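Anchor point for the sequence shown: position 22 equals 22 in the numbering used here, and the numbering is continuous, going up by one each time.
Note that CB positions come from ideal geometry on N, CA and C, so glycine has one too.
Treat the numbers as computed from the prediction; the structure is a model and nothing was measured.
Notes follow once the structure below has been shown.
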Amino acid sequence: MRPFSRGRLRAQVLILAIALGSTGALLLAPALLISAIPAHAQAIYPSADDAANAFVEALARNDDDALKRVLGGDFHRFIPTEGIGEDDIYQFLGEWSKNHQIVEDPVMDKGRATAHLTVGYSGWTLPIPLVQSGNGWRFDPPAGRDEMLTRRIGRNEHAAILTSLAYLDAQYDYRNLTQHYAQRFVSTPGQHDGLYWTTAHGEAESPLGPLAATMPDGTQPEEAYHGYHFRILTAQGAHAKGGARNYVDNGVLSKGFGLIASPADYGKTGVMSFIVNQDGQVYQKNLGPRTARAAAAISSFEPGSGWQPVQP
């Protein structure tokens, strides 16, 4: 997915928890504001439908000022920007054109009616709620922050599981080339001692791509691969199949391999940590607020107390 540089503000509102459908034509009617709105002050609309129409129109026209009027000038404080591409925008608009509706929430919030915008036929819901406010309806970005964080964490955790399984394939590909497993994600310059290396013309591709550089511990949370740190494990514990053993023989990783994936920023980029070894079963555990320290202390694949099997 290529970054979407134009209209970055509009991309901030789309935290897509699932893949949406193809692009479709949009038929948008201008929304009527109740009164003249100062620049970047949030507008209040006669109905929730009018607010939703104004939001989609601003998005479709790549109009940052209009988007600020719909969501408020400081909405970027509550809505993350990373991971959104131009294709996501088009897909959202395509789903809107197929089907959209305002669904009122069954429980009022502090005595106010609230509702959500759904698009397409899959039931995908925009995480930012609409709230009834005196003269009409408006979006409430701060109220959507928790839901967006929940979706982001879920998306990152799912990606961490898939990445752990992809790591297995990469290690087997590496062994086919070298007769042993790799102890590094990124090769030493000029070497093939990791799962990724710069490929010369006519040379076989490395098992992992260049994003492997964002996987190891120490990567900044905002740069970590899908919000997770990964580390290769070179041993297994007593609770692993076959019992405790070292995977390294004479300095070479040849008797197996493992992996631990932990959130780069606990509670913000992820909650669960994951481990896997050559047998292919991923396990998960919540290591708590001190996840970074707890994960750093794990030196072997040991699916003992508290670790539960998980599927992608």
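Top-ranked residue by Cα proximity to residue i, from the options
i, options, result
"A143", "R112, S122 and G134", "R112"
"W96", "Y174, P106, F75 and V119", "V119"
"H158", "G280, V271 and A43", "V271"
"A213", "H201, L59, H226 and K68", "H226"
"P216", "E86, S187 and S133", "S187"
"D65", "L168, A41, F257 and K285", "A41"
"N156", "M108, H192 and H229", "H229"
"A297", "Q284, T269 and S262", "S262"
"T269", "A235, G243 and Q220", "Q220"
"A43", "P189, G134 and T234", "G134"
"P289", "F185, H192, W307 and A264", "A264"
Minimum Cβ-Cβ distance from residue i to chain C less than 9 Å
i, result
"A235", "No chain C is part of this structure, which consists of one protein chain only."
Cα-Cα separation, residue i to residue j
i, j, result
"N277", "P303", "10 Å"
"I232", "D146", "32 Å"
"V103", "W197", "50 Å"
"N62", "I89", "10 Å"
"A294", "L287", "7 Å"
"F92", "D279", "39 Å"
"G123", "D105", "14 Å"
"L71", "R77", "11 Å"
"G267", "Q183", "29 Å"
"L168", "L259", "9 Å"
"K285", "W307", "5 Å"
For residue j and residue i, believed in contact at Cβ under 8 Å, the rounded distance
i, j, result
"G253", "Y181", "It should be pointed out that residue 253 corresponds to Leu in this sequence rather than to Gly. Contact holds; Cβ gap of about 4 Å."
"A170", "L195", "5 Å"
Beta-carbon proximity list for residue i, same chain, < 8 Å, skipping 5 on both sides
i, result
"V282", "I161, S164, L165, F274, I275, V276, P309, V310, Q311 and P312"
"K255", "R245, N246, Y247, V248 and D249"
"Q130", "Note on identity: in this sequence residue 130 is Leu, with Gln being the wrong assignment. Only A48, A51, A52, I102, T114, A115, H116, L117, W137, R138, F139 and D140 meet the Cβ criterion."
"E223", "T214"
Assigned exposure category for residue i - 16 Cβ within 10 Å defines buried
i, result
"S206", "buried"
"P291", "Looking at the sequence provided, one finds Thr at residue 291 rather than Pro. Buried, by the Cβ-count rule."
"S315", "As displayed, the chain neither begins before 1 nor continues past 312, which places residue 315 out of reach and without an answer."
"H116", "buried"
"Q179", "exposed"
"N176", "exposed"
Residues of its chain near residue i, where Cβ-Cβ distance is below 7 Å and the 5 sequence neighbours each way are ignored
i, result
"G24", "Its pLDDT being 29, under 50, G24 is placed unreliably by the model, and nothing is read from it."
"G251", "none"
"G7", "Summary for G7: the model assigns pLDDT 34, below 50, so the residue's position carries little reliability, and this model does not support an answer."
Sequence-distant residues of the same chain with beta carbon closer than 6 Å to residue i, five excluded per side
i, result
"Y121", "N99"
"A58", "A66, L67 and V70"
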